[in-house]
Amino acid sequence: MDKRSKNRVIVITDISSLRGGYKEPDDAQSLIRFLLYANEFDVEGLVAAAYGGYGIRPEYIAALVKEYGNVHGSLLRQDPEYPSADTLLSLIKRGNTRCGIEEMGERKDTEGSEWIIAMGDKPDPRPLWILVWGGPLDLAQAIWKVSHTRSEEQYRTFIAGLRVYAIGDQYDQTGPWIRQNHPDLFYITAYQTFRGMYRGGNTALAGNAWIREHITEGHGSLGGAYPVYDGGDPWGKVEGMKEGDTPSFLYLIPTGLGDPEQPSWGSWGGRFQGTGRHFTDASDRVGEEESGKASLYRWRAAFQADFAARMDWCTRDYGQTNHPPVVVVKGSSYLTAAPGEMRMFSAADSYDPDGDTLSFQWDFYPEAGTFPEMPEIMGNGKSEVIIRIPETDAEGTAHLILSVSDHGSPSLTRYHRFLITIKQKGEKS
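The opening position of the sequence shown corresponds to residue 11 in the working numbering, with each subsequent residue numbered one higher.
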């Protein structure tokens, strides 16, 4: 991957436990998965934030990074872009040991908040993604300091370079304060979407048996460190996998499905709607359910298979593991068509790096677009299809999603999205 195309990422985590059944170990679960995708990002910080009134545990982050270091050599055989454990250890920063908006302000700076400012100031054209797994106090402090010590223009430049994906508004009103006082800050708040990691759909893919087979047993020390969840949420018991923070970085993995700058399009990290620069859960319909979490669990089979494949990378050579297909399409991904017209789409040049046979599935994503009728897909299941736009007076956008899956074990999927703007004949594009 071209280094310039990687998303820059800082994680703020209230990690509090490395073992199941004690406090909240799902941050540890998410961090283990995140480390397996460290080759896909420019990781620029791992900030230890307070877990309620229990302080911070940067040593827990370090412990998991060291487990990552034990399998780093094997991961390098899969992709030389994996950062070293020493590099990641140097990026662990201490956040505020307390929670609460009253801990923000003059002389309240932390190593974490200062690091966010330093990374935000880097002369890099790419935005800096702040993934908030706990409370956003260190982010709030960074923004507070910039807004109180710099000119209006400098403040706006700093804000324009940030993107935030927060798992709810945890602990207090710090998140709402940020959004209320900084309306131009790009900010996604997932209130229920994240529960699609472990609720709804085929939950066997998040259960104890699946975790034993694909993660904790026979997959090296990093997989062995994965704590099996034994707790609950407001809807009842949760066992096996929870990983409530994982959607924040699933949103950024370059699968070809989503565009991080377009929350309403949907991706492995869910789909969101909003006004201005603030976004929250959008509902998708999957089967009989229409909910925010459905916008995430609809992709569970794919992102869990991807996780399992990367766990295999920890202990096996390249030739013994599976790698995702490469989707290659012909023509533009953005096109305009009129009602009644037909268009051909081709992904015939797609290939698999392991030589596996490929399967092709073409689907419209109705919630992502505005066109009220779904065009007809002719030839689905093939690498080339023809799309027929219905005869109608309506106009709008239709999102065509191509899913390309290999026949390896586990089967891996990558995507391409075509955005079709449907206008009446004679209208200018």
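Beta carbons: idealized from backbone N, C-alpha and C, even for Gly.
- Of the candidates D134, F204, V19, F51, F51 places its Cα closest to the Cα of T265.
- Of all alpha-carbon atoms in R295, L74, E383, the one lying nearest the alpha-carbon of E401 is that of E383.
- Here Q183 is not near I71, since their CB atoms are 8 Å or more apart.
- By the neighbour-count criterion, in which 16 or more other beta carbons inside 10 Å mark a residue as buried, K435 falls on the exposed side.
- Within the same chain, V174, R189, H288 come within 6 Å of Y197 by CB-CB distance, once the 5 residues on both sides are set aside.
- Secondary structure of M207 (DSSP, three-state): helix.
- Here D37 is not near G105, since their CB atoms are 8 Å or more apart.
- In this structure, the straight-line span from the alpha carbon of A176 to that of D255 is close to 8 Å.
- Partner residues in a beta bridge of M321, as assigned by DSSP, do not exist.
- Annotation: the region 195-276 contains the following complete segments of the beta strand (DSSP E) (minimum length 3 residues), in chain order: 196-200, 239-243, 246-250.
- According to the DSSP secondary-structure assignment, T23 is paired through a beta bridge with A58.
- No residue range can be given for T367, since it is assigned to no beta strand (DSSP E) and is classified by DSSP as neither H nor E.
- Three or more beta-carbon pairs separated by less than 8 Å are not found between the region 200-208 and the region 154-161, which leaves the two stretches without contact.
- Under the DSSP assignment, F44 falls in the alpha helix (DSSP H) whose first and last residues are 36-46.
- Around F374, the same chain offers M384, P385, I387, A408, H409, L410, I411 as residues with beta carbons nearer than 8 Å, after the five sequence neighbours per side are excluded.
- Counting only the Cα atoms, T367 lies some 20 Å from A318.
- When C-alpha distances from F204 are compared across Y261, E298, A358, the shortest belongs to Y261.
- Non-local C-beta neighbours of P68 in its own chain, meaning closer than 7 Å and more than five positions away in sequence, comprise A58, I102, R104, ordered along the chain.
- As computed with DSSP, R104 is found in a beta bridge with A58.
- With fewer than 16 other Cβ atoms inside 10 Å of its own Cβ, P133 counts as exposed.
- Per DSSP, T290 lies in no alpha helix (DSSP H); the unbroken beta strand (DSSP E) holding it starts and ends at 288-291.
- For the pair of segments examined, the region 114-122 was found to touch the region 138-158: the number of CB pairs separated by less than 8 Å reaches three.
- S356 has E394 as its beta-bridge partners, per DSSP.
- Taking the CA atoms as reference points, F282 sits about 19 Å from Y425.
- In the three-state scheme derived from DSSP, where H, G and I count as helix and E and B as strand, S421 is classed as coil.
- Between the region 305-319 and the region 206-214 there are three or more C-beta pairs closer than 8 Å, enough to call the two in contact.
- Taking a C-beta distance under 8 Å as the contact criterion, V296 and A357 do not qualify as a contact pair.
- Contact check for G206 against L306 passes: the beta carbons are separated by less than 8 Å.
- The region 272-279 and the region 235-247 do not touch, with fewer than three beta-carbon pairs separated by less than 8 Å.
- Looking at A170, V81, W187, I169, the one whose alpha-carbon comes closest to that of E113 is W187.
- In the DSSP assignment, R166 falls within the unbroken alpha helix (DSSP H) covering 162-170.
- For D327, the CB contacts under 7 Å within the same chain, skipping 5 residues up- and downstream, are R87 in chain order.
- P137 has its alpha-carbon roughly 10 Å from the corresponding atom of I169.
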